[in-house]
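Peer 1: Have a look at this one before I ask anything.
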């Protein structure tokens, strides 16, 4: 039994030495998480050069780190909730760094920006059209209430529950349509950045 234990000890010591000699290599999943953290730091503005993260990193370890970075950056390209698209621009800037400014990526990003711009315009137009349609209905309601009560009322169409219901329906359809187009372009970027 003592002989078996000493052999096991020798094997464990040798494994420890081999690990120490080769350096602390992270598994691909941990490398991907490291890339995600670095990309998140880039998005926060902690770092402006993603490629600088690869200094001193072995080329075979860079693949998983790049994949993690790309995943995080692609997740930040979403349909804007408001007019501000700073995060989207920052994510595109990071992806361009990862792709090292490839012209094929530039055309995909140009299409993405066009999709996002059209989404914003289309959303604004739909809301205005819906508000105008409801404004006419609200005017009729205001006149009816004024006749009945003798008090002039002012009803904001955008606060009416029916307006909110209709707006959510239209916006959901719009989000689905433009979201699918954006996802297709994000998939193209992912394919072109596959390492």
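In our numbering, the protein residues as written are 49 to 243. Cβ atoms here follow ideal geometry from the backbone N, Cα and C, with glycine treated the same way. Predicted model only: the values in this text are computed from it and were never measured.
#1: Leaving out five residues before and five after residue 154 in sequence, what residues of the same chain have Cβ atoms less than 8 angstroms from its Cβ?
#2: How should residue 49 be labelled, buried or exposed, when 16 other C-beta atoms within 10 angstroms of its C-beta is the threshold for buried?
#3: Below 8 angstroms between beta carbons: does that hold for residue 116 and residue 80?
#4: For residue 204, tell me which candidate among 221, 217, 192, 179 has the shortest Cα-Cα distance.
#5: Alpha carbon to alpha carbon, how far is residue 131 from residue 234? Give it in angstroms, no decimals.
#6: Tell me the residue span of the alpha helix (DSSP H) that contains residue 128.
#7: So which of 109, 107, 106, 120 has the shortest CA-CA distance to residue 90?
#8: Which of the three DSSP states, helix, strand or coil, is assigned to residue 224?
#9: Going by beta-carbon coordinates alone, are residue 174 and residue 133 separated by less than 8 angstroms?
#10: Buried or exposed: where does residue 196 fall if 16 or more other Cβ atoms within 10 Å of its Cβ makes it buried?
#11: Among the candidates 151, 208, 152, 127, whose CA atom is the shortest distance from the CA of residue 221?
#12: Reducing DSSP to helix, strand and coil, say where residue 163 ends up.
#13: With DSSP collapsed to three states, give me the class of residue 153.
Peer 2: Concretely, from the data shown:
#1: These residues qualify, in order along the chain: 144.
#2: The predicted model places residue 49 with a pLDDT of 44, which falls under 50 and marks its position as unreliable; any figure quoted below should be read in that light. Using a 10 angstroms sphere on the CB of residue 49, the tally of other CB atoms stays under 16, which defines it as exposed.
#3: Judged by beta-carbon spacing, residue 80 lies within the 8 angstroms limit of residue 116, meaning their Cβ atoms are closer than that value.
#4: The shortest Cα separation from residue 204 among 221, 217, 192, 179 belongs to 179.
#5: Rounded to whole angstroms, residue 234 to residue 131 spans 21 angstroms at the Cα level.
#6: For residue 128, there is no enclosing alpha helix (DSSP H), as DSSP marks it with neither H nor E.
#7: Comparing Cα positions, the closest option is 120.
#8: Residue 224 sits in a helix when the DSSP states are folded into three classes.
#9: Taking 8 angstroms as the cut-off, the beta carbon of residue 174 is found no closer than this to the beta carbon of residue 133.
#10: Taking all protein chains in view, the Cβ of residue 196 is surrounded by fewer than 16 other Cβ atoms within 10 Å, so the residue is classified as exposed.
#11: Out of 151, 208, 152, 127, 127 has the C-alpha closest to the C-alpha of residue 221.
#12: DSSP places residue 163 in the helix class (H, G or I) of the three-state scheme.
#13: Taken through DSSP and simplified to helix, strand or coil, residue 153 comes out as helix.
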